[in-house]
Amino acid sequence: SPDERKRAVVAFIHVEPRDVTEDSSAETKLVKNAKWAARKWEVQEIVLHSFTHLGEAKAEPEQAGALIDRARERLQNAGYTTVKTPYGYFNDLSIEAPGHPLARIFKEF
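The working numbering puts the first residue of the sequence shown at 341, with every later residue one more than the last.
Okay, here's the thing in structure tokens:
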């Protein structure tokens, strides 16, 4: 049966090779941006969804998945209910977002 979330922040994540280097701050920025959006919307649920297949430069799947896993753990440790969609699969998603400027945020780092 489908997993349904009524009020959650959904992060669509594209991980590039530069994001998985030792000196990268991408993981921390992902966590901070997800927490910021959750606070703005006053929600405790965050969904992490990989959109890596859309970009030209892609990190190795194992490294990208590990980055998302670490971000999930950090968000859970901060008190958020965090769900990660299956990595490397095409998922059927139905999303409703309010017509509000903060409903769709793009961040590149």
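C-beta: ideal position from N, C-alpha, C; glycine also.
Quick one: is residue i buried, meaning 16 or more other Cβ sit within 10 Å of its Cβ, or exposed?
i: Tyr-420; result: buried
i: Thr-361; result: exposed
i: Ala-397; result: exposed
i: Arg-347; result: exposed
i: Ala-418; result: exposed
Would you kindly work out how many angstroms separate the C-alpha atoms of residue i and residue j, rounded to a whole number?
i: Ile-353; j: Thr-392; result: 7 Å
i: Ala-351; j: Ala-374; result: 7 Å
i: Leu-433; j: Asp-363; result: 33 Å
i: Lys-369; j: Ala-404; result: 15 Å
What span of residues does the alpha helix (DSSP H) with residue i cover, start to end?
i: Lys-372; result: 366-381
i: Leu-415; result: 401-417
Is the distance from the Cβ of residue i to the Cβ of residue j below 8 Å?
i: Leu-415; j: Val-355; result: no
i: His-389; j: Thr-422; result: no
i: Val-387; j: Arg-345; result: yes
i: Arg-412; j: Glu-367; result: no
i: Ala-378; j: Gln-384; result: yes
Which residues mark the beginning and the end of the beta strand (DSSP E) in which residue i is found?
i: His-354; result: Segment: none, His-354 is in no beta strand (DSSP E) and carries neither H nor E.
i: Lys-424; result: 421-424
In the DSSP assignment, what residue or residues form a beta bridge with residue i?
i: His-389; result: Phe-352
i: Lys-447; result: DSSP lists no partner for Lys-447.
Check whether the Cβ of residue i lies closer than 8 Å to any Cβ atom in chain C.
i: Phe-449; result: Absent here is chain C; the protein component of the structure consists of one chain.
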